[in-house]
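Be aware that the sequence shown starts at 88, since it is given in the working numbering, and climbs by one per residue.
Ideal placement from N, C-alpha and C gives every residue a C-beta, glycine not left out.
Accompanying notes for the structure given below.
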Amino acid sequence: MKVDIRNNLVSATALLVALSLSTFGPGIVSAAIPAAHIKAYPKRTLAAQKTPLSIRVVILTAFEIGEDQGDKAGEFQAWADILPDKLPFSAGPRNLRYNPKTGVLAVNTGIGTGQAATSVIALGLDPRFDFSHAYWLVAAIAGVNPNTGSVGSAAWIGDVIDSDFGYMVDPREIPSNWTTGWLPWDRQKPYQQPLPDTAHNLFPLNKKLQNWAYQLTQKTTLPDTLTLQKIRALYPRYKAALHPPEILKGDEATGQTFWHGAIANNHIEKWVAYWTGGKGIFVMSGMEDSGILRAISVLGTQGRADPNRVMILRTASNYTLPPLGENAVFSLVHEEDSLSAMQSALNAAFTVGNKVVNELSQHWEIYRDHIPQP
């Protein structure tokens, strides 16, 4: 008998953890989750203020390497450098950063949909903050599909498609006429029509807000470094992969599995098209955003956030498949030893994202009550 799953386990778990922490303290959590998976929380870290801080923009990052400042940077450091105040956040991997003059708050969610969802739910329920008018900006690096973009580029995302939720059969055991072992939930073969319930796999963003952010930033100059040029030269068969870095619009596949290779890339292109009714264009591959969007949707039902105020900016640190003639496994496991576009992607995420952050926070009298559109 098939069980029709109606609730997202990640979101439910995240909500339980956050509610338990904010309402009962850490003791109630230990009864539900093994102690080995729970870090120690101070008893009164999240003490409520008399008047919650009114937040204008929340910056969401996922990948960070070491400290908040002063060492090799991940996604969080550039924002920490311009946000002077440290605010404790025991439910996440590191402290929050905040600028009281601009109302801008930055959070590092951690990697993967589960950790990202938990961090966002915990933040959204934190009584220190008022997110009722806040804009949420994901500014993070990603893999880029060489059929639609190039390393160092930045893409404003329109739809997020979860690549994990569904059925999976080992490819060595699939019928000879199948191209993949991934099946949609409640379907009997890959990409089977009609579409099942899209609630678990398709997360549309506010397209008017996406277009506004794109138009605001599309003329931003992204440096074309010698490293980027060398990486692009390894992909002569992909026209889009040869472009200098640019500002794009497109769609994102997201899941906790860091996949790599031409066969997987072909599946994800079809997967994105399937869930978007043929309209989606797979540009970026990330690991957090369906969890983030699910969490903000839950917060929206509680009046704690506005899902229409979410933007996702993904910047390309690598291609989603190896160069011509290179084995996918070798390319993946030796990624750190090869030419990397990570620094260019990190720079782009901050440079492009900060234009939107500044516009919103500095003209709050306009954007507090009116979501921008082209």
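Original post:
Should A340 go down as buried or exposed, given a rule of 16 or more other Cβ atoms within 10 Å for buried?
Top reply: By the 16-neighbour rule on beta-carbons within 10 angstroms, A340 is buried.
Check your understanding: With which residues is W223 paired in a DSSP beta bridge?
Key -> As DSSP reads the structure, W223 sits in a beta bridge with V145, V397.
- [ ] Mind checking which residues open and close the beta strand (DSSP E) that includes T341?
- [x] For T341, the uninterrupted beta strand (DSSP E) run begins and ends at 334-341, by DSSP.
Cα-Cα separation between E154 and Q164, rounded to whole angstroms
Between the C-alpha atoms of E154 and Q164 there is a straight-line separation of about 8 Å.
Does DSSP put W451 in a helix, in a strand, or in coil? Here DSSP, grouped into helix, strand and coil, assigns W451 to helix.
On the three-pair Cβ rule with 8 Å, is the segment 256-276 touching the segment 426-438? As far as the Cβ criterion goes, the segment 256-276 does not touch the segment 426-438, which means the pair count is below three.
**Prompt:** If we ignore side chains and look at the alpha-carbon of each, how far apart do G268 and P281 end up?
**Reply:** CA-to-CA, the gap between G268 and P281 works out to about 19 Å.
task = Identify whether V385 lies in helix, strand or coil by the three-state DSSP scheme.
result = Taken through DSSP and simplified to helix, strand or coil, V385 comes out as helix.
Exposure label - D376; buried when at least 16 CB within 10 Å: D376 comes out buried.
What is the C-beta distance between G440 and A178, in whole angstroms, given that I count them as a contact (C-beta under 8 Å)?
Contact between G440 and A178 fails: their C-beta atoms lie close to 24 Å from each other, not under 8 Å.
*Determine the closest residue to R181 out of A193, P171, P187, S427, with distance taken between C-alpha atoms.*
Checking every option, the nearest Cα to that of R181 belongs to A193.
Following the continuous alpha helix (DSSP H) through S206, name the residue where it begins and the one where it ends. Looking at the DSSP string, the run of the alpha helix (DSSP H) that includes S206 is 200-211.
(Q) So, with DSSP's three-state summary, where would you put G157? (A) G157 falls in the coil class under three-state DSSP.
Q. Who are the Cβ neighbours of S206 in its own chain at under 7 Å, not counting the five residues just before and after it?
A. Result list for S206: A178, G179, V194, T196, G197, in chain order.
For this session: Take the Cβ of I244 as the centre, count every other Cβ of all protein chains shown within 10 Å, and call the residue buried at 16 or more, exposed below.
Result: Counting of Cβ neighbours within 10 angstroms places I244 among the buried residues, the total reaching 16 or more.
Span separating the alpha-carbon of I120 from that of L212: Only weak support exists for where I120 lies, its pLDDT of 37 falling under 50; the coordinates are left without a value.
- Query: Between I248 and W358, is the Cβ-Cβ spacing less than 9 Å?
  - Reply: Yes. Within cutoff.
Compute the Euclidean distance between the alpha carbons of G201 and Q343, then round it to the nearest angstrom. Within the model, the alpha-carbon separation for G201 versus Q343 is close to 8 Å.
(Q) Do S384 and S404 count as a contact pair if the criterion is CB distance below 9 Å? (A) In this structure, S404 sits away from S384, with a CB-CB distance that is not shorter than 9 Å.
For this session: Would you give the residue range spanned by the beta strand (DSSP E) that F369 belongs to?
Result: 369-373 is the extent of the beta strand (DSSP E) around F369.
Would you decide whether V116 is buried or exposed? Buried here means 16 or more other CB atoms lie within 10 Å of its CB.
Any answer about V116 is weak, because its pLDDT of 36 lies below 50 and its placement is not dependable; what the coordinates show is given next. V116 comes out buried.
- Message: Less than 9 Å between the beta carbons of A351 and T407, yes or no?
- Response: Closer than 9 Å, so yes.
Reduced DSSP category for F437 - H, G, I as helix; E, B as strand; rest coil:
It is helical.
Option in A382, V238, K294, V191 with minimal Cα separation from A446
The residue you asked about is not Ala; residue 446 is Glu in the sequence shown. With distances taken between Cα atoms, E446 lies closest to V191.
Q: Could you tell me the distance, in whole angstroms, from the CA atom of T138 to the CA atom of L174?
A: Rounded to whole angstroms, T138 and L174 show a C-alpha spacing of 16 Å.
Check your understanding: Rounded to a whole number of angstroms, what is the C-alpha to C-alpha distance between A401 and G373?
Key -> According to the sequence as given, residue 401 is Arg; it is not Ala. Computed Cα separation, rounded: 8 Å.
- Query: If we call anything under 9 Å between Cβ atoms a contact, is Q297 one with M371?
  - Reply: Against a cut-off of 9 Å, the Cβ pair of M371 and Q297 comes out as no contact.
>> Let me check one thing: in DSSP terms, what residues is I403 bridge-paired to?
In response: This sequence places Ala at residue 403; Ile is not what is there. BP columns for A403 point to A229.
| request: Taking the CB atoms as reference points, tell me whether G157 and G378 lie closer together than 9 Å. | output: Not in contact: G157 and G378 (Cβ atoms no closer than 9 Å).
Does DSSP put D376 in a helix, in a strand, or in coil?
It is helical.
Buried or exposed by the 16-neighbour rule on C-beta atoms within 10 Å, applied to I355: So I355 counts as buried.
* Distance, Cα to Cα, D168 vs N186? -> Cα-Cα distance, rounded: 11 Å.
- Query: Is G337 near I368, with beta carbons less than 9 Å apart?
  - Reply: In contact: G337 and I368 (Cβ atoms closer than 9 Å).
task = Could you spell out where the alpha helix (DSSP H) holding I318 opens and where it closes?
result = Per DSSP, I318 is one residue of the alpha helix (DSSP H) stretching across 313-319.
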